[in-house]
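Just below is one structure, and these are the notes that go with it.
Written out as C-alpha coordinates, the structure reads:
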(Lines of atoms letter the chains of each structure in order from A and count residues from 1; the text may use other names and numbers.)
(Lines give C-alpha, C1' and ligand atoms only; values in the text may rest on other atoms or scores of the structure.)
Protein backbone atom coordinates (compact mmCIF):
# COMPACT_ATOMS: atom_id res chain seq x y z
CA UNK A 1 0.00 0.00 0.00
CA UNK A 2 1.38 3.40 -0.93
CA UNK A 3 1.92 6.10 1.68
CA UNK A 4 -0.71 8.35 0.05
CA UNK A 5 -3.30 5.59 -0.04
CA UNK A 6 -2.68 4.69 3.60
CA UNK A 7 -2.88 8.36 4.60
CA UNK A 8 -6.17 8.79 2.74
CA UNK A 9 -7.61 5.68 4.39
CA UNK A 10 -6.57 6.99 7.81
CA UNK A 11 -8.17 10.36 7.10
CA UNK A 12 -11.36 8.64 5.99
CA UNK A 13 -11.45 6.43 9.08
CA UNK A 14 -10.86 9.46 11.31
CA UNK A 15 -13.68 11.32 9.55
CA UNK A 16 -16.06 8.37 9.86
CA UNK A 17 -15.29 7.90 13.57
CA UNK A 18 -15.55 11.65 14.25
CA UNK A 19 -19.00 11.87 12.66
CA UNK A 20 -20.29 8.78 14.46
CA UNK A 21 -18.97 10.17 17.76
CA UNK A 22 -20.77 13.48 17.20
CA UNK A 23 -23.97 11.66 16.25
CA UNK A 24 -23.84 9.32 19.26
CA UNK A 25 -23.14 12.22 21.62
CA UNK A 26 -26.63 13.55 20.79
CA UNK A 27 -24.94 16.91 20.31
CA UNK A 28 -27.96 18.50 18.59
CA UNK A 29 -30.48 17.09 21.07
CA UNK A 30 -28.40 18.32 24.01
CA UNK A 31 -27.93 21.72 22.35
CA UNK A 32 -31.71 22.19 22.11
CA UNK A 33 -31.94 22.02 25.92
CA UNK A 34 -29.91 25.23 26.10
CA UNK A 35 -32.09 27.86 24.47
CA UNK A 36 -29.72 30.76 25.05
CA UNK A 37 -26.87 29.20 23.07
CA UNK A 38 -29.05 27.46 20.51
CA UNK A 39 -28.42 29.16 17.18
CA UNK A 40 -25.26 30.97 18.23
CA UNK A 41 -22.24 30.58 15.98
CA UNK A 42 -18.88 29.35 17.24
CA UNK A 43 -17.57 32.90 16.90
CA UNK A 44 -20.44 34.33 18.96
CA UNK A 45 -19.93 31.75 21.70
CA UNK A 46 -16.20 32.48 21.63
CA UNK A 47 -16.86 36.20 22.08
CA UNK A 48 -19.13 35.56 25.07
CA UNK A 49 -16.51 33.25 26.62
CA UNK A 50 -13.66 35.72 26.10
CA UNK A 51 -15.65 38.61 27.61
CA UNK A 52 -16.63 36.39 30.54
CA UNK A 53 -13.01 35.40 31.20
CA UNK A 54 -11.45 38.81 30.44
CA UNK A 55 -13.96 41.56 31.29
CA UNK A 56 -11.52 44.35 30.34
CA UNK A 57 -10.78 42.93 26.87
CA UNK A 58 -11.00 45.35 23.93
CA UNK A 59 -12.34 44.58 20.46
CA UNK A 60 -8.91 44.50 18.81
CA UNK A 61 -7.79 41.82 21.28
CA UNK A 62 -10.87 39.70 20.60
CA UNK A 63 -10.03 39.77 16.87
CA UNK A 64 -6.53 38.55 17.70
CA UNK A 65 -7.72 35.85 20.15
CA UNK A 66 -10.06 34.20 17.67
CA UNK A 67 -8.19 35.25 14.53
CA UNK A 68 -11.02 36.98 12.69
CA UNK A 69 -11.19 40.25 10.76
CA UNK A 70 -12.73 43.32 12.38
CA UNK A 71 -15.73 43.21 10.02
CA UNK A 72 -16.57 39.65 11.14
CA UNK A 73 -16.31 40.69 14.79
CA UNK A 74 -18.52 43.73 14.19
CA UNK A 75 -21.24 41.57 12.60
CA UNK A 76 -21.08 39.04 15.43
CA UNK A 77 -21.19 41.77 18.09
CA UNK A 78 -24.21 43.33 16.35
CA UNK A 79 -26.03 39.97 16.48
CA UNK A 80 -25.13 39.49 20.16
CA UNK A 81 -26.34 43.00 20.99
CA UNK A 82 -29.67 42.28 19.26
CA UNK A 83 -30.07 39.19 21.48
CA UNK A 84 -29.24 41.36 24.50
CA UNK A 85 -26.16 39.30 25.41
CA UNK A 86 -23.55 42.07 25.30
CA UNK A 87 -23.17 45.83 25.28
CA UNK A 88 -20.40 47.86 23.70
CA UNK A 89 -18.67 50.07 26.26
CA UNK A 90 -15.73 52.44 26.18
CA UNK A 91 -12.78 50.58 27.65
CA UNK A 92 -11.71 51.66 31.12
CA UNK A 93 -8.22 50.46 30.28
CA UNK A 94 -7.92 52.24 26.91
CA UNK A 95 -10.45 55.05 26.45
CA UNK A 96 -9.73 55.13 22.69
CA UNK A 97 -11.09 51.60 22.32
CA UNK A 98 -14.33 49.77 22.83
CA UNK A 99 -14.78 46.79 25.04
CA UNK A 100 -17.74 44.51 25.60
CA UNK A 101 -19.77 43.85 28.69
CA UNK A 102 -21.94 40.81 29.25
CA UNK A 103 -25.54 41.50 30.14
CA UNK A 104 -27.40 39.28 32.56
CA UNK A 105 -28.66 37.30 29.55
CA UNK A 106 -25.07 37.02 28.30
CA UNK A 107 -23.93 35.68 31.65
CA UNK A 108 -26.72 33.10 31.54
CA UNK A 109 -25.70 32.17 27.98
CA UNK A 110 -22.11 31.63 29.16
CA UNK A 111 -23.36 29.43 32.00
CA UNK A 112 -25.41 27.39 29.51
CA UNK A 113 -22.37 27.09 27.25
CA UNK A 114 -20.27 25.71 30.11
CA UNK A 115 -23.07 23.32 31.14
CA UNK A 116 -23.40 22.16 27.51
CA UNK A 117 -19.65 21.47 27.26
CA UNK A 118 -19.68 19.65 30.59
CA UNK A 119 -22.50 17.42 29.35
CA UNK A 120 -20.97 16.63 25.94
CA UNK A 121 -17.37 16.25 27.10
CA UNK A 122 -18.54 14.25 30.11
CA UNK A 123 -20.31 11.79 27.81
CA UNK A 124 -17.17 11.43 25.73
CA UNK A 125 -14.98 10.82 28.76
CA UNK A 126 -17.50 8.40 30.26
CA UNK A 127 -17.11 6.26 27.13
CA UNK A 128 -13.59 5.42 28.35
CA UNK A 129 -13.20 2.76 31.04
CA UNK A 130 -10.25 3.93 33.11
CA UNK A 131 -8.39 7.04 34.20
CA UNK A 132 -5.39 5.68 32.30
CA UNK A 133 -7.40 5.71 29.05
CA UNK A 134 -8.51 9.28 29.77
CA UNK A 135 -4.93 10.35 30.45
CA UNK A 136 -3.83 8.70 27.19
CA UNK A 137 -6.55 10.63 25.33
CA UNK A 138 -5.37 13.90 26.91
CA UNK A 139 -1.76 13.05 26.06
CA UNK A 140 -2.67 12.44 22.41
CA UNK A 141 -4.84 15.56 22.19
CA UNK A 142 -2.01 17.68 23.68
CA UNK A 143 0.35 16.19 21.09
CA UNK A 144 -2.07 17.08 18.29
CA UNK A 145 -2.48 20.63 19.62
CA UNK A 146 1.27 21.11 20.06
CA UNK A 147 2.12 19.75 16.61
CA UNK A 148 -0.79 21.18 14.68
CA UNK A 149 0.36 22.98 11.57
CA UNK A 150 -1.07 26.48 11.63
CA UNK A 151 -0.49 27.09 7.94
CA UNK A 152 -3.02 24.43 7.04
CA UNK A 153 -0.60 22.41 4.95
CA UNK A 154 -1.12 18.68 4.91
CA UNK A 155 1.22 16.38 6.75
CA UNK A 156 3.16 14.06 4.48
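Residue numbers (this note's numbering): 4 to 159. All residues carry an ideal CB built from backbone N, CA and C; glycine is no exception.
Give me the DSSP bridge partner(s) of residue i.
| i | result |
| --- | --- |
| residue 103 | 91 |
| residue 61 | 102 |
So the alpha helix (DSSP H) residue i belongs to, where does it begin and stop?
| i | result |
| --- | --- |
| residue 145 | 134-150 |
| residue 35 | 30-35 |
| residue 169 | Any question about residue 169 goes unanswered here, given that the chain covers just 4 to 159. |
| residue 52 | 45-56 |
| residue 82 | 73-85 |
| residue 18 | 6-27 |
Would you decide whether residue i is buried or exposed? Buried here means 16 or more other CB atoms lie within 10 Å of its CB.
| i | result |
| --- | --- |
| residue 113 | buried |
| residue 80 | buried |
| residue 54 | buried |
| residue 43 | buried |
| residue 88 | buried |
| residue 14 | exposed |
| residue 16 | exposed |
| residue 119 | buried |
| residue 134 | exposed |
| residue 147 | exposed |
Taking 7 Å as the limit between beta carbons, can you name the residues of its chain near residue i, skipping five residues before and five after?
| i | result |
| --- | --- |
| residue 126 | 28 |
| residue 41 | 34 and 35 |
| residue 128 | 137 |
| residue 106 | 87, 88, 89 and 90 |
| residue 47 | 79, 82 and 83 |
Quick one, which of the options has its alpha-carbon nearest residue i's?
| i | options | result |
| --- | --- | --- |
| residue 25 | 51, 151 and 130 | 130 |
| residue 90 | 51, 121, 122 and 70 | 51 |
| residue 85 | 109, 75 and 63 | 109 |
| residue 30 | 75, 64 and 124 | 124 |
What residues in its chain sit with their C-beta under 6 Å from that of residue i, if we drop five residues either side in the sequence?
| i | result |
| --- | --- |
| residue 96 | 59 |
| residue 39 | 111, 112 and 115 |
| residue 122 | 33 |
Looking only at its chain, what residues have a beta carbon closer than 8 Å to the beta carbon of residue i, apart from the 5 residues adjacent to it on each side?
| i | result |
| --- | --- |
| residue 61 | 94, 96, 97, 100, 101 and 102 |
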